[in-house]
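Engineer:
Numbering (the working numbering), first residue to last: 38 to 485.
(1) Nearest chain C C-beta to residue 317 closer than 9 angstroms, yes or no?
(2) Which residue's Cα is closest to the Cα of residue 276: 309, 413 and 237?
(3) Give me, in chain order, the residues of the same chain whose beta-carbon lies closer than 6 angstroms to that of residue 254; leave out the 5 immediate sequence neighbours on both sides.
(4) Measure the CB-CB distance between residue 464 and residue 409 and report whether it falls below 9 angstroms.
(5) Rounded to the nearest angstrom, how far is the Cβ of residue 239 from that of residue 289, given a contact under 8 angstroms?
(6) For a test of your reading of the model: does the CB of residue 314 fall under 8 angstroms from any non-hydrogen atom of the ligand ATP? Yes or no.
(7) Would the beta-carbon of residue 285 fall within 9 angstroms of that of residue 322?
(8) On a Cα-Cα basis, can you pick out the residue from 460, 415, 380 and 246 that is closest to residue 398?
(9) Is it the case that the Cβ atoms of residue 370 and residue 281 are separated by a distance below 9 angstroms?
(10) Cα separation between residue 76 and residue 215?
(11) Under the assumption that residue 432 contacts residue 386 (Cβ atoms under 8 angstroms), give the Cβ distance between them as a whole number of angstroms.
(12) Buried or exposed, going by whether 16 or more other CB atoms sit within 10 Å of the CB of residue 113?
(13) Between residue 86 and residue 118, is the Cβ-Cβ spacing less than 9 angstroms?
(14) What's the gap between the Cα of residue 429 and the Cα of residue 400?
(15) Whole angstroms are fine: how far does the CA of residue 448 sit from the CA of residue 295?
(16) Pull up the CB-CB distance for residue 47 and residue 91, whole angstroms please, since I reckon it's below 8 angstroms.
(17) In the structure shown, what three-state DSSP assignment does residue 347 receive?
(18) Residues bridged to residue 113 by DSSP?
(19) In three-state DSSP terms, what is residue 371?
(20) In the DSSP assignment, what are the bridge partners of residue 500?
(21) How would you label residue 95, buried or exposed, when you count the other beta carbons within 10 angstroms and need 16 or more for buried?
(22) Residue 257 bridges to which residues according to DSSP?
(23) Using the beta-carbon count (16 or more within 10 Å), is residue 426 buried or exposed?
(24) Look at the Cβ atom of residue 318, then the Cβ atom of residue 241, and state whether they are nearer than 9 angstroms.
(25) Residue 454 by DSSP, collapsed to three states: which one?
(26) What is the C-beta distance between residue 314 and residue 244, in whole angstroms, given that I count them as a contact (C-beta under 8 angstroms)?
(27) How would you write the range of the alpha helix (DSSP H) that residue 74 sits in, first residue to last?
(28) Within 10 angstroms of the Cβ of residue 434, are there 16 or more other Cβ atoms? Answer buried if so, exposed if not.
(29) Taking the beta carbon of residue 361 as the centre, do at least 16 other beta carbons fall within 10 Å, making it buried, or is it exposed?
(30) In three-state terms, what does DSSP make of residue 130?
(31) For residue 384, collect the residues of the same chain with a Cβ closer than 8 angstroms to its Cβ; drop the 5 residues on either side in sequence, then sort them by chain order.
(32) Shortest alpha-carbon distance to residue 357 belongs to which of 292, 320, 332 and 420?
(33) What residue range does the alpha helix (DSSP H) around residue 443 cover?
(34) By Cβ distance below 8 angstroms, which residues in the same chain neighbour residue 312 in space, the five residues on each side in sequence not counted?
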């Protein structure tokens, strides 16, 4: 129908809505009932409804539905139409109201209605009519030899049917189910005296244990997954030879977030996945040495002093938008070389390199490039006698900002490039004695 007027006068339309209201789909049932309710309760259409009787047959079908909400809605709306059509203290014939006659026979007057009911059965009491509706909906309608009450069970007295069983208004919608409570976090082991004895600054929710009496080595384990700042650690890249990720986790445990890295975790470090404990984790599934993801992936490169672990992304990409649970680390074995060659050589800042002794000095080596403060050092002006290598060696020996009270680096200092490394942003050092203001440049990085 194109208009609500046509809908209110169409028994076919009401029939379709009634069929849907008795169907198997809850959302569609509710929608059909509300559409029927809107039409039946709209006073503008009351006259058309009672004149056309379009709603009464479909409502009777709803009253016999096996679906209780649909059945009660049919009873309520049928009763509502009857109440408005039969005011109290009035006497009506079957010709007056379709509630009392479905097909009143013509007896000296034109009467519309349903077939099967006698005009003589007109009921003066509206409550009795409602009681009949309830009795019918409850399955008490049977054939009867009584000529006066052909549609009411002889064993049921309409006066005994409580009128308040008929809903007078739409039932309140059920309150939505409360949202499920968030799952509690997995168990977290407290730091212990064992952790303190092993020089572990952050136990990462794991229990601490020594490893075969090896100096500087420790094991962290939690069958529910090791964690830092509510996130677990990816179980990938956790084998010797492919373990930058695990070495970094070990340094997070030993030095704590933002701590000073005195000795890097060794390549012996390894990890094992927790059994049946997939969780959201820190992003660690990138290639070792991928400098493009060094700010978001904990497997890109080894952390340095003052690192901030929370700069890494969560999930499986730098976007940090992946919340897919994956296997996570439940155990790590951490190894550190307790003999500190850098400290033995009097080096305060190793610039991310390996410290080795030279006659009368030292050598720093990193095949991916030496660096300080997030920048690398250019391989320009690093020949013997240049100022750049002497200044870099002074930085390594005494640290940034130190008062130089000892010997100065000599003109023998020199460097060479890390020719296999990608070009990186470096400190500016390609200048003569009259240097312009400092600026960034992109150049190959030195290995030593």
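Glycine is no exception: its CB is placed at the ideal position from the N, C-alpha and C atoms.
Structural biologist: On the basis of the supplied data:
(1) This model lacks chain C altogether, as it is built from one protein chain only.
(2) Translated into the one-based positions of the chain shown, residue 276 becomes position 239. It is 309.
(3) One-based indexing of the chain shown puts residue 254 at position 217. So the qualifying residues of the chain are 248 and 372.
(4) As a position in the chain shown, residue 464 is number 427, starting the count at 1. As a position in the chain shown, residue 409 is number 372, starting the count at 1. Cβ distance < 9 angstroms, so residue 464 and residue 409 count as in contact.
(5) By 1-based counting over the chain shown, the position of residue 239 is 202. By 1-based counting over the chain shown, the position of residue 289 is 252. With 8 angstroms as the limit, residue 239 and residue 289 qualify as a contact, their Cβ atoms being about 6 angstroms apart.
(6) Among the ligands in the structure shown, none appear at all, so the ligand ATP cannot be discussed.
(7) For the purposes of this step, residue 285 is identified with residue 248 of the chain shown, where counting begins at 1. For the purposes of this step, residue 322 is identified with residue 285 of the chain shown, where counting begins at 1. Taking 9 angstroms as the Cβ cut-off, residue 285 and residue 322 do not qualify as a contacting pair.
(8) Sequence index remark: in the chain shown, residue 398 carries index 361 (1-based). Checked all of 460, 415, 380 and 246; the closest Cα to residue 398 is 380.
(9) Here residue 370 refers to the residue found at position 333 of the chain shown. Here residue 281 refers to the residue found at position 244 of the chain shown. No.
(10) Residue 76 sits at position 39 when you count from the first residue of the chain shown. Residue 215 sits at position 178 when you count from the first residue of the chain shown. Rounded to whole angstroms, residue 76 to residue 215 spans 33 angstroms at the Cα level.
(11) Translated into positions along the chain shown, residue 432 becomes position 395. Translated into positions along the chain shown, residue 386 becomes position 349. About 6 angstroms; that satisfies the 8 angstroms criterion.
(12) For the purposes of this step, residue 113 is identified with residue 76 of the chain shown, where counting begins at 1. Result: buried.
(13) On the chain shown, position 49 is the one that residue 86 refers to. On the chain shown, position 81 is the one that residue 118 refers to. Their beta carbons are under 9 angstroms apart, which means residue 86 touches residue 118 by this criterion.
(14) For the purposes of this step, residue 429 is taken as residue 392 along the chain shown, with counting starting at 1. For the purposes of this step, residue 400 is taken as residue 363 along the chain shown, with counting starting at 1. The alpha-carbon atoms of residue 429 and residue 400 are separated by roughly 11 angstroms.
(15) Taking the first residue of the chain shown as position 1, residue 295 is located at position 258. Taking the first residue of the chain shown as position 1, residue 448 is located at position 411. Straight-line Cα distance between these residues: approximately 35 angstroms.
(16) As a first step, residue 47 is located in the chain shown; it is residue number 10 there, counting from the start. As a first step, residue 91 is located in the chain shown; it is residue number 54 there, counting from the start. That belief holds up - the Cβ atoms of residue 47 and residue 91 are roughly 6 angstroms apart, short of 8 angstroms.
(17) Stepping through the chain shown from its first residue, residue 347 is reached at position 310. The answer is helix: DSSP assigns residue 347 an H, G or I state.
(18) Along the chain shown, read from residue 1 onward, the residue named residue 113 stands at position 76. Note: residue 113 sits in no beta bridge, so no partner.
(19) Start at 1 with the first residue of the chain shown, and residue 371 comes out as number 334. Residue state, collapsed to three classes: strand.
(20) No answer is possible for residue 500: it lies beyond the span of the chain, which begins at 38 and ends at 485.
(21) Locating residue 95 in the chain shown gives position 58, counting from the first residue. With 16 or more other Cβ atoms within 10 Å, it is buried.
(22) Taking the first residue of the chain shown as 1, we reach residue 257 at position 220. In DSSP, residue 257 forms a bridge with 245 and 369.
(23) Numbered from 1 along the chain shown, position 389 holds the residue referred to as residue 426. By the 10 Å Cβ count, residue 426 comes out buried.
(24) Within the chain shown, numbered from 1, the residue matching residue 318 stands at position 281. Within the chain shown, numbered from 1, the residue matching residue 241 stands at position 204. No, they are not a contact pair.
(25) Residue mapping note: residue 454 aligns to position 417 of the chain shown, counting from 1. Residue 454: strand per DSSP, three-state reduction.
(26) Here residue 314 refers to the residue found at position 277 of the chain shown. Here residue 244 refers to the residue found at position 207 of the chain shown. Residue 314 to residue 244, Cβ: 15 angstroms. No contact.
(27) Position 37 of the chain shown, counted from the start, is the residue given in the question as residue 74. Unbroken alpha helix (DSSP H) run through residue 74: 63–77.
(28) For the purposes of this step, residue 434 is taken as residue 397 along the chain shown, with counting starting at 1. With 16 or more other Cβ atoms within 10 Å, it is buried.
(29) Counted from its first residue, the chain shown places residue 361 at position 324. Answer is exposed; the Cβ neighbour count stays below 16.
(30) Here the question's residue 130 lines up with position 93 in the chain shown. Annotation note: pLDDT 39 at residue 130 (below 50); position unreliable, coordinate value reported separately. In this structure, residue 130 counts as coil in the three-state DSSP scheme.
(31) Position 347 of the chain shown holds residue 384. The answer, listed in chain order, is 392, 399, 401, 433 and 434.
(32) Translated into the one-based positions of the chain shown, residue 357 becomes position 320. For residue 357, the nearest C-alpha among the options comes from 320.
(33) Position 406 of the chain shown, counted from the first residue, corresponds to residue 443. First-last for residue 443: undefined, no H or E at that position.
(34) To locate residue 312, count along the chain shown from 1; it is residue 275. Here the set comprises 260 and 367.
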